[in-house]
Structure formats: structure tokens, C-alpha cells
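Peer 1: Numbering (our numbering), first residue to last: 17 to 338.
Structure follows, in C-alpha cells:
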């Protein structure tokens, strides 16, 4: 750089290439504050024609070189280390090769401020545009998220319909009690609705071949919690031989279905409460729904849930079949 000092200022000249042109920069610094960096005073073309001066901006502050992405600019900032970037002078504007719109001005301001480690100040018009763009971007993002959610929901619905279309299979617990449910893989059952009976199998072939049953349970879902397995038990495809003799004496005399929590549940029917108690003693499946065959005057039956140590009353339900 050429040294062109004056009694009051240090002056340096140098060139910069930007926007496809070469510019001469005249940089100055007060001799009283020679610890501060040089600031831009003038920009000239290669023939020393003045293209821009800091004075013409009538700005109280300084003009410093900054990078706005890949573009060098003159950033007009307030005085001091915390002075905000108030304006930017892109060299493309000085070359007359490009008109700068408000949105591009906002982008250059923000980029120059980031480069300098300062904040930027937007005019009232620029602020309105920035807020409008932010609102539009947020609306576009929300619309995209909603569309993606719809796609995921549709995919989940199709996946669940495909799973439920497999139909139910039967299996047996270690004590010989029969269970039924939709054959699913371990990774599939959390997608099911609350109350669905599931039989987890070890595989499902490409053509729908059902593998070996492993576990039987009822899907339980509560708001704000992960799905869980209700009344879970390990199962086999065939009734265990050791369980046949004990199961014969307490076999139900029929079955029906009731609707609860928007799902249908099988209810085993017995001739009396004594028979239900005998069945429990003989190892009736834990969590099995049972009832004494017959309905009251209102067409309802009293349904119970059998457990190892007790029989719980669920309430009165209208059977879906008799």
C-alpha cells in the first residue's frame, strides 16, 4: 500500500477486486488513535474517479471492510466496539453492475454483522420485510411438517390395516389355556390400538407365512405413556400335553364377545360361579374374561376378569353374540 499520510491522519491506499472490477480504497486512521484499525474513506476506480466517499453518507460512525459471505462490502457501523451495522455498501453497487434489493440488503447486513461479530440494525421497512419473510418461512415449515405428518399417518394406517388383515390365530399357554390374537412381529405391535389382542411370532414371510408363536398379550395404551403388554404370557402353537387332563374338567360351555374401549373381547361362558372358581383353581388363563351363561332382564351379563389370586368384576355388558 502507498503511504499518503497527513498531519492529522495516516492514509493508506490499496486495491481490491470485487464484482468483476478493480477498486482503489483510501483508508484513514487518526494519528491520535493509531491503536485503532484503518477505516474506509473513499473508493475510486482505476482512473482515480471517486465512486464513493464516507462523507457523502452523512453517517455518524465509521466505514469498515467486511465480508458478507463471499462478497466484500463496506459496513457502516456505529462508533465503538459495540456499534451496530447500520448500512452496507456492496462493491457491485459501486460498479453499477447490479441493483441491490431490500431483501439482499438485509442478507448482506446480517452477514457483515456476523463477520464483524456485531449486531445489525434494520430500518423500519427492512424490519417489516424481515418479519414478513420470517412469518412466511414459518408458515411454509408448518405446512411442510403438517404434510409430512399426514404422510406418516397414512403410512401408519396402511401398515396397521395390513397387519390386522392377517386375521387372528390361536395358541396355548403353558397351562393349556387357549388364546387368540393378530400375529405380529415384536417391532409391529406398538402400532396397534388399545385393546387389540396380539400374538407375537418369530417371523412373517414375504407371502404372509406366519411363524412360530412366542407371546400373547393385550395392547395397553395410556395417554402420555409408551404402549405396554397386558396379561402377557408365553405361548406355543399346540396345547401342552400336560395341560390337557386338567383343562377337560373346567372347559367353558361356550363363549361370546363384548365391546369395550372400541374393541371386541372374547368372554368364556361357564354354567355357574363355582365352575369359574374351579377353572381358576385348575389354572384358568390370567386376565381371561368370563361370565355365567345367560343374561338378565336388560339383556346384559355380569363379566369378570380371572387372576391367579382373585376374580375381579368388570361390570355388566351386552353380549355381541350368544
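Using N, Cα and C, we set each Cβ at its ideal position, and we do this for glycine too.
(1) Can you give me the start and stop residues for the alpha helix (DSSP H) that residue 178 sits inside?
(2) Under 8 Å by Cβ, that's how I've got residue 79 and residue 92 pegged, so tell me the actual separation to the nearest angstrom.
(3) Whole angstroms is fine: what's the gap from residue 272's alpha carbon to residue 331's?
(4) By Cβ distance below 6 Å, which residues in the same chain neighbour residue 126 in space, the five residues on each side in sequence not counted?
(5) Less than 8 Å between the beta carbons of residue 89 and residue 106, yes or no?
(6) Compare the C-beta of residue 43 against all C-beta atoms of chain D and say whether one is closer than 8 Å.
(7) For my contact list, residue 417 and residue 25 are in at a C-beta cut-off of 8 Å; report their separation, rounded to the angstrom.
(8) Which residue wins for smallest C-alpha separation from residue 245, given the options 239, 280, 255 and 212?
(9) Grouping DSSP H, G and I as helix and E and B as strand, with all else coil, what is residue 110?
(10) Look up residue 206 in the DSSP assignment and say whether it is helix, strand or coil.
(11) Does residue 282 come out as helix, strand or coil in the three-state DSSP assignment?
(12) Taking all protein chains shown into account, do 16 or more other C-beta atoms lie within 10 angstroms of the C-beta of residue 306, making it buried, or fewer, making it exposed?
(13) Buried or exposed for residue 23, going by 16 or more other Cβ atoms inside 10 Å?
(14) Use the C-beta contact count for residue 260: other C-beta atoms within 10 angstroms, 16 or more gives buried, fewer gives exposed.
(15) In whole angstroms, what is the alpha-carbon distance linking residue 200 and residue 165?
Peer 2: Reading off the structure:
(1) 140-180
(2) Right, the Cβ-Cβ distance comes to about 5 Å (below 8 Å), so this counts as a contact.
(3) 15 Å
(4) 136
(5) yes
(6) No chain D is present in this structure, which holds just one protein chain.
(7) In the structure displayed, the chain extends from 17 to 338; residue 417 sits before or after that span and is not available.
(8) For residue 245, the closest alpha carbon among the candidates 239, 280, 255 and 212 is that of 212.
(9) helix
(10) Helix, per DSSP.
(11) strand
(12) buried
(13) exposed
(14) In this prediction, residue 260 scores a pLDDT of 49, lower than 50, which makes its location untrustworthy; no coordinate-derived value is stated.
(15) 24 Å
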